[in-house]
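Line order of the protein sequences matches chains F and Z. Going by this note's numbering, the first sequence opens with residue 1, and the numbers climb by one from there. Going by this note's numbering, the second sequence opens with residue 1, and the numbers climb by one from there. Think of the CB as a built atom: it goes at the ideal place given N, C-alpha and C, for glycine as much as any other residue. Computed from a predicted structure; not experimentally measured. For reference, the structure discussed in these notes is given below.
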Amino acid sequence: MEFEQLTSIWNNANPTLDQTVKINKELVKTISFSKVKSSLSEIKWTSIVQIVVGIWFLDFLLGFAFRHHAEPLFLIPAIMLIVITLYSLIFDIGQLVMLFTINAKASVAEAQRKLSTLKKLEAYDAYSLLVIIPLFSAPFLIVIAKAAAKVSLYEFGSQWIYSYVAGSVVVAGIVVFFLRMFPNKGLQESIDFLRELKEEK
Amino acid sequence: MKRTQQQEALFIDYLESCKKLIAKVARVYCKDEEERKDLMQDITLQLWKAFPNYDDTYAVSTWTYRIALNTSISHLRKVTTRSAVQASKYSEGEIMQVQAETTDENLEHLYRAIDLLKPVDKAIVVLQLEGCSNKEIAEVMGLSASNISTRKLRIKEELKTHFETTK
């Protein structure tokens with residue numbers, strides 16, 4: 001079977017498709033471009049809100065660290081949260097920039113590479129939260145309690161912190177284990193696709 | 001930015017000229033009829049979105065193939081158009097409507113053979129069947145012409161095997 005024969009079969013579909021596929025001209029006329037545009041921007045709002053909240057939280061943490069710079073018990077958790085918030089902000093901004101630069105008009109290989117990277121970042125983000133949240137929730141509680149209620153959680157002893165962190169690590173480990181057993185389908189598809197491109201180079 | 005009537009008319013003419021390609025690409029990537037309708041809608045919306053910024057560095061065909069194939073292969077529609085599609089689809093119907101299709105046995109056989117290929121190979125076959133040269137296929141795909149040539153040989157073998165075993 002040569003491509004010429006297949007092309008002839010392929011082109012046989014044309015007259016039928018001419019008859020069966022109809023363009024809803026009225027719909028093209030009535031749907032405004034702005035409507036599509038606004039729907040698209042809704043998707044990006046989530047990332048933008050995350051970034052705004054991140055900046056606000058960073059500002060709050062910097063203020064807290066400044067006020068408690070002479071108290072290591074509060075300064076250290078605040079610095080831990082500053083580092084993780086900065087990391088998260090950079091990550092979110094990177095994802096947003098990538099989302100904006102993905103272009104359907106790009107070559108198939110280029111679009112796929114960007115999409116695969118984006119998908120990998122999304123998955124990495126999800127996986128890292130599973131570790132970040134348990135590890136950083138104790139410092140978060142310490143900082144928030146001190147800032148909002150002027151309560152030092154250290155007054156309740158340090159045993160609860162160790163137990164809390166240890167428990168969270170175990171929970172995170174179990175969740176990561178299950179995620180590895182049942183990997184994200186979208187991510188797997190992207191990686192397979194990327195591998196396919198690489199193999200053929 | 002609101003589209004002018006002239007742009008709408010131009011887009012409708014353009015869509016009319018490429019509707020067969022959209023329908024065939026959608027058929028290659030979606031076996032399920034409902035999913036196919038969604039994909040056709042997605043491709044149309046991507047074309048519509050990109051239409052005012054058409055870059056004449058590329059031929060219209062290259063531009064159309066890229067958008068149609070990228071939308072079909074990738075997760076692009078999942079990350080950028082889902083809500084747009086839903087918004088327009090559920091409130092106002094479908095831009096591209098497909099009436100009952102008559103079945104051509106040879107064509108169905110060809111679609112079944114193509115369906116066994118990998119997503120990138122499917123795209124190459126579509127472009128080959130549309131009559132594109134290796135250079136054009138390479139431009140759409142972002143791969144080298146020699147790579148395309150090698151892939152085509154392998155694809156041809158795969159298709160040949162399929163047709164021989166299903167005779």
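Counting only Cβ-Cβ distances shorter than 9 Å, please list the residues of the region 94–112 of chain F near chain Z, keeping chain order.
Leu-99, Ile-102, Asn-103, Ala-104, Lys-105, Ala-106, Ser-107, Val-108, Ala-109, Glu-110, Ala-111 and Gln-112
Is the region 118–130 of chain F touching the region 78–97 of chain F, taking contact as three or more C-beta pairs under 8 Å?
yes
List the residues of chain Z that F:Lys-25 touches, going by C-beta distances under 8 Å, in chain order.
To locate residue 25 of chain F, count along the first sequence from 1; it is residue 25. The answer, in chain order, is Ile-12.
For the pair the region 31–42 of chain Z and the region 10–18 of chain Z, tell me if three or more CB-CB distances fall below 8 Å.
no
Along chain F, which residues have their Cβ under 8 Å away from the Cβ of Z:Arg-112?
Working through the second sequence from its first residue, we reach residue 112 of chain Z at position 112. What Z:Arg-112 touches in chain F: nothing, since even the nearest Cβ is about 12 Å away.
Between the beta-carbon of Z:Ser-17 and the beta-carbon of Z:Leu-39, is there less than 8 Å?
Locating residue 17 of chain Z in the second sequence gives position 17, counting from the first residue. Locating residue 39 of chain Z in the second sequence gives position 39, counting from the first residue. Their beta carbons are not under 8 Å apart, which means Z:Ser-17 does not touch Z:Leu-39 by this criterion.
With H, G and I counted as helix, E and B as strand and the rest as coil, what does DSSP make of F:Lys-22?
Position 22 of the first sequence, counted from the start, is the residue given in the question as residue 22 of chain F. F:Lys-22: strand per DSSP, three-state reduction.
Residue from Z:Asn-134, Z:Ala-145 and Z:Leu-47 whose Cα sits closest to the Cα of F:Lys-105:
Start at 1 with the first residue of the first sequence, and residue 105 of chain F comes out as number 105. For the residues Z:Asn-134, Z:Ala-145 and Z:Leu-47, the minimum Cα distance to F:Lys-105 belongs to Z:Leu-47.
Look up Z:Val-98 in the DSSP assignment and say whether it is helix, strand or coil.
Against the second sequence, residue 98 of chain Z aligns to sequence position 98. In this structure, Z:Val-98 counts as strand in the three-state DSSP scheme.
Cβ-based burial, F:Asn-14 [other Cβ within 10 Å; buried from 16]
Stepping through the first sequence from its first residue, residue 14 of chain F is reached at position 14. That one is exposed.
Ordered along the chain, which non-local residues of its own chain (more than five positions away) have a Cβ less than 8 Å from that of Z:Ile-168?
This structure cannot settle anything about residue 168 of chain Z, because the visible part of chain Z is limited to 1 through 167.
Less than 8 Å between the beta carbons of Z:Val-126 and Z:Thr-62, yes or no?
By 1-based counting over the second sequence, the position of residue 126 of chain Z is 126. By 1-based counting over the second sequence, the position of residue 62 of chain Z is 62. No, they are not a contact pair.
Rounded to whole angstroms, what is the Cα-Cα separation between Z:Lys-156 and Z:Tyr-111?
Along the second sequence, one-based indexing puts residue 156 of chain Z at 156. Along the second sequence, one-based indexing puts residue 111 of chain Z at 111. Each residue's alpha carbon lies about 14 Å from the other.
Show which residues of chain F have a CB atom less than 9 Å away from the CB atom of Z:Ala-59.
Within the second sequence, the letter at position 59 stands for residue 59 of chain Z. Residues of chain F passing the Cβ test: none, with the nearest at roughly 12 Å.
So with Cβ pairs under 8 Å, would you call F:Ala-13 a contact of chain Z?
Position 13 of the first sequence, counting from 1, holds the residue named residue 13 of chain F. At least one chain Z Cβ lies under 8 Å of F:Ala-13.
Can you give me the Cβ contacts of F:Leu-141 inside the same chain, cut-off strictly under 7 Å, excluding the 5 residues immediately before and after it?
Residue mapping note: residue 141 of chain F aligns to position 141 of the first sequence, counting from 1. Excluding residues within five positions, the ones whose Cβ falls inside 7 Å are Leu-153.
Grouping DSSP H, G and I as helix and E and B as strand, with all else coil, what is F:Ser-39?
Here residue 39 of chain F refers to the residue found at position 39 when the first sequence is read from its first residue. Unreliable placement is indicated for F:Ser-39, whose pLDDT of 42 sits below 50; the coordinate value is still reported in the next sentence. Reduced to three states, the DSSP call for F:Ser-39 is helix.
Measure the CB-CB distance between F:Leu-61 and F:Ala-78 and report whether it falls below 8 Å.
The residue you call residue 61 of chain F lines up with position 61 of the first sequence. The residue you call residue 78 of chain F lines up with position 78 of the first sequence. Cβ atoms of F:Leu-61 and F:Ala-78: closer than 8 Å.
Let me see if you follow: with CB-CB separation under 8 Å, is F:Thr-46 close to chain Z or not?
Counting from one through the first sequence, the residue named residue 46 of chain F turns up at place 46. Cβ-Cβ to chain Z under 8 Å: no for F:Thr-46.
Where F:Ile-174 falls, given that 16 or more other Cβ within 10 Å makes a residue buried
Position 174 of the first sequence, counted from the first residue, corresponds to residue 174 of chain F. Counting Cβ neighbours within 10 Å, F:Ile-174 comes out exposed, since fewer than 16 surround it.
Check whether the Cβ of F:Phe-3 lies closer than 8 Å to any Cβ atom in chain Z.
As a position in the first sequence, residue 3 of chain F is number 3, starting the count at 1. Yes, F:Phe-3 lies at the interface with chain Z (some Cβ there is under 8 Å from its Cβ).
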